[in-house]
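> In my numbering, the protein residues as written are 167 to 382.
Ideal Cβ placement from N, Cα and C applies to all residues, glycine included.
Below you'll find the structure I mean.
Written out as structure tokens, the structure is:
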């Protein structure tokens, strides 16, 4: 049975309409997915900006990152079963030999104390970034930019990772707390230590002026 031209035209029109509807539906679905992707990307960028600010604040405060803790735990973890196995074998030998067992907790306490002393010693000896910056500004006779301060600290402390943006954030924090002074020269910003010599020199100037007036 052959199809008539009218039936062929109707089928073509139906397929054309179906394809057009599918294309429209596909385009709408793509638009919806693009909108969701844009929203998620915006949220991700916001989270990344917040993370960068928080990391800068953490480094400015001199807080030690907790990355070393899992490594220390991973190193100390294998010793626990070994100590348990050693104590069980020693206990069996002492039981068979009918000997008195020495108190094991003291060794554990001493080990914990020595480990705690080793972990706390380097953190106390290492100065914070805030202390380094304040000390550097105090030693300078001229204003210094954040880049100059970062370069000087990097040269003086090559073992520490010092970034210019972190130094700038720390300097702004010191300025906000009146622990540093900020000056502008054109588009450049410079920082100096707070002027703490004025209160000590002003009484001398006043006494000298008073003595000069008395002599006159």
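My guess is that residue 341 and residue 312 are in contact by the Cβ rule of under 8 Å, so how many angstroms apart are they, rounded?
About 11 Å; that fails the 8 Å criterion.
> Secondary structure at residue 336, three-state DSSP: helix, strand or coil?
Note: residue 336 maps to helix in three-state DSSP.
> Can you tell me where the beta strand (DSSP E) holding residue 355 begins and where it ends?
Element bounds for residue 355: 354-358.
> Can you give the Cα-Cα distance for residue 173 and residue 209, rounded to whole angstroms?
Looking at the two C-alpha atoms, the distance is approximately 54 Å.
> Would you decide whether residue 351 is buried or exposed? Buried here means 16 or more other CB atoms lie within 10 Å of its CB.
Exposed, because fewer than 16 other Cβ atoms sit within 10 Å of the Cβ of residue 351.
> With respect to the alpha helix (DSSP H) encompassing residue 351, which residues constitute its N-terminal and C-terminal limits?
Run containing residue 351: none in the alpha helix (DSSP H); it sits in the beta strand (DSSP E), 347-351.
> Among residues of its own chain, excluding the 5 on either side of residue 287, which ones have a beta-carbon nearer than 7 Å to its beta-carbon?
Confidence at residue 287 is low in this model, with a pLDDT of 48, below 50, so the placement of that residue should be treated as unreliable; the coordinate-derived value is given next. So no residue of the chain qualifies.
> Check this for me: beta carbons of residue 309 and residue 349, under 8 Å apart or not?
In contact: residue 309 and residue 349 (Cβ atoms closer than 8 Å).
> Below 8 Å on the Cβ atoms is my guess for residue 300 versus residue 345; work out the distance and round it to an integer in Å.
Indeed, because the Cβ distance is near 6 Å, the residues count as touching under 8 Å.
> Do residue 294 and residue 228 have their C-beta atoms closer together than 8 Å?
Yes, they are a contact pair.
> At the level of alpha carbons, what is the spacing between residue 339 and residue 356?
In a straight line, the C-alpha of residue 339 is about 14 Å away from that of residue 356.
> Output needed for residue 142: all residues of its chain with C-beta closer than 8 Å, excluding positions within five of it in sequence on either side, in chain order.
For the chain, the structure presents residues 167 to 382; residue 142 sits outside this window and is missing.
> Hey, how far is the Cα of residue 219 from the Cα of residue 185?
If I take the Cα positions, the gap works out to 51 Å.
> From the DSSP output, in three-state form, read off residue 215 for me.
In the structure shown, residue 215 sits in a helix (DSSP, three-state: H, G or I).
> Helix, strand or coil for residue 327? Go by DSSP, reduced to three states.
Coil at residue 327, not helix or strand.
> For the alpha helix (DSSP H) that contains residue 321, what are its first and last residues?
That run of the alpha helix (DSSP H) goes 312-322.
> Could you work out which residue in 292, 343, 347, 199 is closest to residue 323 when comparing CA atoms only?
Cα-wise, what sits closest to residue 323 is 292.
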